[in-house]
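> In full-length UniProt numbering, the protein residues as written are 1 to 230. The beta-carbon is built from N, C-alpha and C at its ideal position, and this holds for glycine as well.
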Amino acid sequence: MISLTGISKQYSRDSVGVDDVNIHIGTGEFVSVVGQSGTGKTTLVKLIIAEERPSAGKIEIGGWDISRISYHDIPLLRRQIGVIFQDFKLLPKKTVTENVAFALQVAGESGSRIREVVPRVLDIVGLGHKGARYPHQMSGGEQQRVVIARSLVHRPKILVADEPTGNLDSINTQEIMEILKKINEFGTTILLVTHNREIVNQLRRRVITLQNGKVISDEEHGKYNLSKKH
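#1: Which of the three DSSP states, helix, strand or coil, is assigned to S110?
#2: Over what stretch of residues does the beta strand (DSSP E) that includes N22 continue unbroken?
#3: Run through DSSP, which three-state label would E175 get?
#4: For D162, which residues in the same chain have their Cβ closer than 6 Å to its Cβ, ignoring the five residues on either side in sequence?
#5: Which runs of the beta strand (DSSP E), 3 residues or longer, sit entirely within the region 118 to 170?
#6: Using a Cβ-Cβ cut-off of 7 Å (strictly less than) and excluding sequence neighbours within five positions of L77, which residues of its own chain qualify?
#7: Since E51 is in the alpha helix (DSSP H), which residue starts that stretch and which ends it?
#8: Where does I7 sit, in a helix, a strand or coil, going by DSSP?
#9: Ordered along the chain, which non-local residues of its own chain (more than five positions away) have a Cβ less than 8 Å from that of residue 252?
#10: Run the CB neighbour count on V106, radius 10 Å, all protein chains shown included, and call it buried at 16 or more, exposed below.
#11: Can the beta-carbon of R197 be found less than 8 Å from the beta-carbon of H221?
#12: Is it buried or exposed for G35, if we count other Cβ within 10 angstroms and need 16 for buried?
#13: Report the residue from A132, L104, V200 whose alpha carbon sits nearest the alpha carbon of P75.
#14: Taking C-alpha atoms, which residue in Y71, D169, A132, I2 lies nearest to I81?
#15: With distances taken Cα to Cα, identify the nearest neighbour of V21 among S151, T39, S12.
#16: Helix, strand or coil for K41 per DSSP?
#17: Are D19 and K214 close, meaning C-beta to C-beta below 8 Å?
#18: If you run the structure through DSSP and keep just helix, strand and coil, what is R78?
#19: So, is Y11 buried or exposed, given that buried needs 16 or more other C-beta atoms within 10 angstroms?
#20: So, is A101 buried or exposed, given that buried needs 16 or more other C-beta atoms within 10 angstroms?
#21: By the 10 Å Cβ neighbour count, where 16 or more other Cβ atoms means buried, how is L91 classified, buried or exposed?
#22: Figure out for me which residue from P119, D218, Y224, L122 has the closest Cα to the Cα of H24.
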């Protein structure tokens, strides 16, 4: 599903994002990527969603080599990969329903398709009854659930969650993790990038640890073994 072979990203002579990374993630896996700040986690996400291009190596998504993807094909890739960020990036003057629908509108979907999909994804994240609310009327956890709903509209095969609970308290964090686990049970591959030791250890899933841009461990039932300072 996701295959990185000999991937390096060098920003300058003294700045390396990732260095000779080799990772294979199979269909339906739930994988956590951990590491202290500046270890290459964000670079890895940007490479997978084609926001950055590797300096060396090959990236395949579903058998599609995206290492030198054309700008024309990036929107097609992004429909296969849902992305959730720490900052919600919701449109403040649009309702929950309109925020989620907007992701379909920009892709040129029909009105009937939008009316079919939006309620379905809002139900998945438990917000079917709050479609008329605006972002400022919702808690941080609810806003992040809107972001997750928006990321699901194209039925992506992969969901990349980059610090999705970074701005949330422990209760909302648990709710978001339960939603991600439910989405994974539908068969969606989940790549979770996080600093949160507790959620990684509770998951008991595969854990890839980065340090200085390199993979230093890749454990099938791993734990967050780094020191607590970031």
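On the basis of the supplied data:
#1: Mapped onto the sequence shown, residue 110 falls at position 110. In the structure shown, S110 sits in coil (DSSP, three-state: anything other than H, G, I, E or B).
#2: Counting from one through the sequence shown, the residue named residue 22 turns up at place 22. From DSSP, the beta strand (DSSP E) with N22 extends over 15 to 25.
#3: Your numbering for residue 175 matches position 175 in the sequence shown. Correct three-state label for E175: helix.
#4: Counted from its first residue, the sequence shown places residue 162 at position 162. Cβ within range, chain order: V45, F85, V193.
#5: 158 to 162
#6: Residue numbering aside, residue 77 sits at position 77 when the sequence shown is read from its first letter. Closer than 7 Å at the Cβ level, and outside the excluded window around L77, lie A50, I61, I66, I69.
#7: Counting from one through the sequence shown, the residue named residue 51 turns up at place 51. Here E51 belongs to no alpha helix (DSSP H), and DSSP marks it neither H nor E.
#8: In the sequence shown, residue 7 corresponds to position 7, counting from 1. Three-state DSSP puts I7 in a strand.
#9: There is no way to answer for residue 252, as the model of the chain reaches only from 1 to 230.
#10: The residue labelled residue 106 in the question sits at position 106 within the sequence shown. The residue is exposed, with fewer than 16 neighbouring Cβ atoms inside 10 Å.
#11: Here residue 197 corresponds to residue number 197 of the sequence shown, with the count starting at 1. Here residue 221 corresponds to residue number 221 of the sequence shown, with the count starting at 1. Cβ distance not < 8 Å, so R197 and H221 don't count as in contact.
#12: The residue you call residue 35 lines up with position 35 of the sequence shown. Buried: at least 16 other Cβ atoms inside 10 Å.
#13: What you label residue 75 is simply residue 75 of the sequence shown in a count that begins at 1. Selected option, being the one with the closest Cα: L104.
#14: To locate residue 81, count along the sequence shown from 1; it is residue 81. The shortest C-alpha separation from I81 is found at I2.
#15: Along the sequence shown, read from residue 1 onward, the residue named residue 21 stands at position 21. Checked all of S151, T39, S12; the closest Cα to V21 is T39.
#16: Position 41 of the sequence shown, counting from 1, holds the residue named residue 41. It is helical.
#17: Start at 1 with the first residue of the sequence shown, and residue 19 comes out as number 19. Start at 1 with the first residue of the sequence shown, and residue 214 comes out as number 214. Yes, the Cβ-Cβ distance between D19 and K214 is below 8 Å.
#18: For the purposes of this step, residue 78 is identified with residue 78 of the sequence shown, where counting begins at 1. Note: R78 maps to helix in three-state DSSP.
#19: Working through the sequence shown from its first residue, we reach residue 11 at position 11. Exposed is the call here.
#20: Here residue 101 is taken as the residue at index 101 of the sequence shown, counted from 1. So A101 ends up on the buried side.
#21: Mapped onto the sequence shown, residue 91 falls at position 91. Under this definition L91 is an exposed residue.
#22: Here residue 24 refers to the residue found at position 24 of the sequence shown. Answer by Cα proximity: D218.
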